[in-house]
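Comments concern the structure below.
Protein chains in written order, with our numbering: chain A, 668 to 919; chain B, 2 to 214; chain C, 4 to 385.
The following block contains the structure:
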């Protein structure tokens with residue numbers, strides 16, 4: 668049986684890793700290398716590494732750093748942040764990323780998703796979708812690391828990127844990110860029901876119960892989390908034990 | 002560990018570092034990445050990794066002359082060969098990915114065609130991404146010493162449908178079942194659909210088994 | 004290319020730091036706030052807190068004081084005795100105890116207190132040091148775990164609920180605003196700021212033959228045990244204006260020994276004297292973030308007006324982040340031999356953990372060293 672994946676997320680800004688709340692109040696939390704090596708020791712299912720300064724600062728991915736980080740772990744790794752061209756995708760895959768995440772560029776240059784999927788295969792292309800509630804109460808997709816509203820509906824956008832060829836969707840709730848109050852279950856349920864590609868839940872996980880809640884009420888394929896693994900005694904392995912005890916399929 | 006040069010074929014399609022490091026971690030003493038057909042011909046064993054499109058891969062293998070070298074080396078029947086992920090798919094006679102219609106020729110090391118996975122229910126999503134178990138055929142060389150139905154890391158949308166099921170050495174039940182690993186009878190030619198270099202303990206055990214052939 | 008605090012010398016690369024509109028860092032802002040503190044009132048609070056938790060009939064200790072024998076713990080014991088308390092002093096053994104460190108440690112008891120020294124299995128400890136250095140670039144990680152777990156375990160065992168630590172590092176060294184006024188330690192604080200770097204004790208099980216039974220002293224008591232004794236902790240630095248330099252001055256009046264010259268990589272001769280491995284620990288801070296112990300000390304002096312930022316910057320450039328060829332005079336080869344590591348292995352680990360954005364590298368991405376083994380920063384202290 669295909670197992671649900673628990674995926675620690677590392678957010679990188681400038682010189683090192685950061686954690687935020689609601690995509691704001693970024694706090695520096697140390698070097699990426701340390702975290703990668705700890706997760707490597709723990710043999711986690713997968714890792715997500717996002718450079719959140721790249722797009723706002725109009726920088727390309729730091730290939731040398733990704734190369735070094737990939738050299739320090741044996742886990743499958745999805746890398747994103749600042750990807751705007753086919754060459755960016757190619758170069759990230761070349762230095763060790765297994766999958767490449769595209770966010771703002773997917774919105775601005777949808778052909779990038781389509782061409783990337785054609786050239787490298789859908790399974791290499793993850794489209795990252797950040798969602799928040801707009802002023803009128805409706806959900807909307809944001810870009811530029813949560814800074815710009817697009818007015819687009821997440822379910823429709825998810826269907827569009829699937830049609831373009833995205834192999835996986837990373838779905839993040841902007842408001843809940845870093846708060847540890849729980850995932851946005853409604854959003855996850857609606858999007859995972861609307862597409863046939865795997866969906867990774869992200870934003871708000873505070874305890875193992877939140878994970879179980881998402882798995883029982885939605886059809887996501889993987890759960891991403893950052894704060895709980897960085898700031899508390901909770902570990903990916905314990906999360907999986909908890910889920911296994913409740914009958915969910917995880918890799919132990 | 003059987004000594005000798007392990008060549009990881011570089012045909013411009015993916016990162017090779019993780020495969021190289023994994024092989025070294027598993028005890029291979031001489032590992033080299035190469036796009037030179039002559040180096041492949043000299044190898045004590047060959048690994049063909051791969052991520053991407055069947056069509057682009059075959060084009061690259063042809064243009065570099067690696068296609069012929071690989072066919073020659075595996076025809077000897079004594080040089081162990083391991084195709085991983087796309088590398089396993091390329092071993093087939095034909096593939097369908099990346100072509101508008103029709104098929105393209107593969108390496109032809111094993112009879113079969115590469116076709117898209119067909120989900121059997123709403124819960125089965127494509128691409129097949131994540132950790133899934135593999136049922137090994139009893140006595141399988143590759144899966145020797147790997148407990149039960151071990152989990153391996155898959156990330157693919159296509160699979161190799163064999164003409165002869167006797168070539169199968171590992172099976173996954175996803176999407177109605179597909180061949181997860183192959184071993185040609187009587188010859189040291191292997192293929193795995195999953196990423197052994199990313200499959201941690203189980204993957205490394207498998208690579209060690211391959212290196213001991 | 005790196006932004007620095009306009010008042011002290013902390014760079015933006017430092018974990019948990021932030022800058023306000025004036026470009027002043029959170030550590031300096033925290034220090035500014037101290038001017039508004041009513042220390043008389045705080046002292047009253049201290050007496051109230053301690054009287055609530057101390058032994059009511061003298062049959063047990065009033066509190067637990069974790070001590071290393073350093074300037075701060077010596078000062079803490081002096082202060083507690085002055086305030087009429089009867090502490091039990093607890094030492095979680097350091098990794099590589101120096102001679103001067105041992106003398107200073109034994110000086111604590113001479114102040115007039117009972118003292119428990121817990122020594123960890125050195126065979127296992129050395130493996131842990133090596134693993135921590137290799138994986139997360141922090142040789143002192145095991146020590147930092149014990150500094151918190153050992154006194155808490157003893158608190159439960161002796162049924163002494165009040166732990167009195169010295170400084171809440173967030174008050175002096177800055178940190179997220181929400182926690183700067185925190186004066187009580189709890190488990191989640193430790194996980195966040197205790198320097199654990201995401202590594203957990205459970206991660207070590209299975210590595211290099213380490214098993215659960217080797218890690219007893221590294222575990223906290225259960226929540227139930229903590230509840231039953233009512234273990235709590237306070238920072239002396241919240242109740243009394245904290246200054247490491249002043250602490251050293253006072254401690255010396257009671258027999259605390261200092262080193263003859265400034266310690267390597269630092270601007271002080273009065274701290275971090277007990278553990279030969281500290282030089283390596285501080286060096287890795289420099290590799291990762293571009294500043295070392297000399298910067299920390301300089302900043303303490305700058306904030307208290309003992310030296311100008313300009314003069315401090317010159318000193319820091321001279322001494323910060325130098326390759327730790329010796330520490331308290333002991334050569335690095337000897338220090339590394341204790342943890343079964345060669346200098347070449349050590350240098351490879353240094354390179355791995357070096358932030359390549361901060362230092363010159365060759366075209367293969369390997370950090371370049373000068374003839375003394377020092378890295379060449381691409382940033383400039385400004």
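Note that the Cβ used here is the ideal one computed from N, Cα and C, for glycine as well.
Which first and last residues belong to the beta strand (DSSP E) in which residue 66(C) is found?
Residue numbering aside, residue 66(C) sits at position 63 when the third chain is read from its first letter. Where residue 66(C) is concerned, the enclosing beta strand (DSSP E) stretches over 66-69.
Residues from the stretch 220-237 of chain C in contact with chain A, defined by Cβ distance under 9 Å:
none
Three or more C-beta pairs closer than 8 Å, one from the stretch 199-212 of chain B and one from the stretch 269-287 of chain C: is that the case here?
no
Have a look at 358(C), 65(C), 99(C) and flag the residue whose alpha-carbon is nearest the alpha-carbon of residue 338(C).
As a working mapping, residue 338(C) is identified with position 335 in the third chain. Considering only alpha carbons, the answer is 99(C).
Outcome for residue 73(B) when other beta-carbon atoms lying within 10 angstroms are tallied against a minimum of 16:
Indexing the second chain from 1 puts residue 73(B) at position 72. Exposed, since its Cβ has fewer than 16 Cβ neighbours within 10 Å.
Just verifying my parser: in three-state terms, what is the DSSP assignment at residue 806(A)?
For the purposes of this step, residue 806(A) is taken as the residue at position 139 of the first chain. Correct three-state label for residue 806(A): strand.
Expressed to the nearest angstrom, what Euclidean distance is found between the alpha-carbon atoms of residue 319(C) and residue 347(C)?
The sequence position of residue 319(C) within the third chain is 316, counting from 1. The sequence position of residue 347(C) within the third chain is 344, counting from 1. About 27 Å.
How many angstroms separate the CA atom of residue 888(A) from the CA atom of residue 820(A)?
Working through the first chain from its first residue, we reach residue 888(A) at position 221. Working through the first chain from its first residue, we reach residue 820(A) at position 153. For residue 888(A) and residue 820(A), the distance between alpha carbons rounds to 21 Å.
What's the gap between the Cα of residue 104(B) and the Cα of residue 776(A)?
By 1-based counting over the second chain, the position of residue 104(B) is 103. By 1-based counting over the first chain, the position of residue 776(A) is 109. In a straight line, the C-alpha of residue 104(B) is about 30 Å away from that of residue 776(A).
Just to confirm the assignment, what range does the beta strand (DSSP E) spanning residue 117(C) have?
Taking the third chain and counting its residues from 1, one reaches residue 117(C) at position 114. It spans 117-121 - the beta strand (DSSP E) in which residue 117(C) sits, taken as one unbroken run.
Could you tell me whether any Cβ in chain A is nearer than 8 Å to the Cβ of residue 18(C)?
The sequence position of residue 18(C) within the third chain is 15, counting from 1. Interface residue, yes.
Taking all protein chains shown into account, decide if residue 123(B) is buried (16 or more other Cβ within 10 angstroms of its Cβ) or exposed.
Looking up residue 123(B) in the second chain gives position 122. Label assigned to residue 123(B): exposed.
Can you tell me the Cα-Cα spacing of residue 911(A) and residue 917(A), whole angstroms?
Residue numbering aside, residue 911(A) sits at position 244 when the first chain is read from its first letter. Residue numbering aside, residue 917(A) sits at position 250 when the first chain is read from its first letter. Whole-angstrom Cα-Cα distance: 6 Å.
For residue 92(B) and residue 185(B), the rounded distance between their alpha carbons:
As a position in the second chain, residue 185(B) is number 184, starting the count at 1. As a position in the second chain, residue 92(B) is number 91, starting the count at 1. Between residue 185(B) and residue 92(B), the C-alpha separation is close to 11 Å.
Return no unless some Cβ of chain B is closer than 8 Å to the Cβ of residue 888(A).
Stepping through the first chain from its first residue, residue 888(A) is reached at position 221. Answer yes: the Cβ-Cβ gap between residue 888(A) and chain B drops below 8 Å somewhere.
Alpha helix (DSSP H) runs contained entirely in the stretch 22-105 of chain C, provided each spans 4 or more residues:
Within the stretch 22-105 of chain C, the complete alpha helix (DSSP H) segments of 4 residues or longer fall at 29-37, 42-56, 74-85, listed in chain order.
Residue from 156(B), 152(B), 180(B) whose Cα sits closest to the Cα of residue 164(B)
On the second chain, position 163 is the one that residue 164(B) refers to. The option with the nearest alpha carbon to residue 164(B) is 180(B).
To be precise: take each residue of the stretch 148-164 of chain B, compare its Cβ to all Cβ atoms of chain A, and keep it if any distance is under 9 Å. Which residues remain?
Of all residues in the stretch 148-164 of chain B, 152, 154, 155, 156, 157, 158, 159 have a Cβ within less than 9 Å of some Cβ in chain A.
Terminal residues of the alpha helix (DSSP H) in which residue 877(A) lies:
Residue 877(A) sits at position 210 when you count from the first residue of the first chain. Element bounds for residue 877(A): 875-884.
Going along chain B, which residues have a C-beta under 9 Å from residue 670(A)?
As a first step, residue 670(A) must be located in the first chain, where it is residue number 3. Neighbours of residue 670(A) in chain B, taken as residues whose beta carbon is under 9 Å from its own, are 131, 132, 133, 134, 152 in chain order.
Give a yes or no on whether 8 Å exceeds the smallest Cβ distance from residue 216(B) to chain A.
Missing from the structure shown is residue 216(B); chain B here goes from 2 to 214 and no further.
Bridge-paired residues (DSSP) for residue 165(C)
What you label residue 165(C) is simply residue 162 of the third chain in a count that begins at 1. Paired residue(s): 235(C).
According to DSSP, is residue 213(B) part of a helix, a strand, or is it coil?
In the second chain, residue 213(B) corresponds to position 212, counting from 1. Coil at residue 213(B), not helix or strand.
Check the Cβ of residue 859(A) against every Cβ in chain C and list those closer than 7 Å, keeping chain order.
Here residue 859(A) refers to the residue found at position 192 when the first chain is read from its first residue. Within chain C, no residue comes near residue 859(A); the closest Cβ sits about 29 Å away, beyond 7 Å.
Just to confirm, does residue 350(C) get its C-beta within under 7 Å of one of the non-hydrogen atoms of the ligand MN?
This structure lacks the ligand MN, and indeed carries no ligand of any kind.
Quick one: Cα of residue 226(C) to Cα of residue 44(C), how far?
Locating residue 226(C) in the third chain gives position 223, where the first residue counts as 1. Locating residue 44(C) in the third chain gives position 41, where the first residue counts as 1. Residue 226(C) and residue 44(C): Cα-Cα distance of roughly 32 Å.
Check whether the stretch 104-124 of chain C and the stretch 89-96 of chain C are in contact - that is, three or more C-beta pairs closer than 8 Å.
As far as the Cβ criterion goes, the stretch 104-124 of chain C touches the stretch 89-96 of chain C, which means the pair count is three or higher.
Return helix, strand or coil for residue 156(B), following the three-state DSSP convention.
In the second chain, residue 156(B) corresponds to position 155, counting from 1. If DSSP states are grouped into helix, strand and coil, residue 156(B) belongs with the strands.
Interfacial residues, the stretch 773-792 of chain A to chain B, with Cβ spacing under 8 Å
Within the stretch 773-792 of chain A, those residues whose Cβ lies closer than 8 Å to any Cβ of chain B are, in chain order, 785, 786, 787, 788, 789, 790, 791.
Less than 8 Å between CB atoms is the rule here; does residue 710(A) satisfy it with respect to chain B?
Taking the first chain and counting its residues from 1, the one referred to as residue 710(A) is at position 43. Yes - at least one Cβ of chain B is within 8 Å of the one on residue 710(A).
Taking C-beta pairs closer than 8 Å, name the residues in chain B that residue 678(A) reaches, listed in chain order.
Start at 1 with the first residue of the first chain, and residue 678(A) comes out as number 11. For residue 678(A), there are no C-beta contacts with chain B under 8 Å, since the nearest C-beta of that chain is about 22 Å from it.
Under 9 Å from the C-beta of residue 918(A): neighbouring residues of chain C
Your numbering for residue 918(A) matches position 251 in the first chain. Within chain C, no residue comes near residue 918(A); the closest Cβ sits about 17 Å away, beyond 9 Å.
Excluding sequence positions up to five away, which residues of its chain have a Cβ less than 7 Å from the Cβ of residue 700(A)?
Taking the first chain and counting its residues from 1, the one referred to as residue 700(A) is at position 33. Within the same chain, residue 700(A) has close Cβ partners 736, 739.
Which residues mark the beginning and the end of the alpha helix (DSSP H) in which residue 777(A) is found?
By one-based count along the first chain, residue 777(A) stands at place 110. First-last of the alpha helix (DSSP H) with residue 777(A): 777-787.
Can you tell me whether DSSP reads residue 685(A) as helix, strand or coil?
As a working note, residue 685(A) is residue 18 in the first chain. In the structure shown, residue 685(A) falls within a strand segment according to DSSP collapsed to helix, strand and coil.
Does residue 790(A) pass the burial test, meaning 16 or more other C-beta atoms within 10 Å, or should it be called exposed?
As a working note, residue 790(A) is residue 123 in the first chain. That one is buried.
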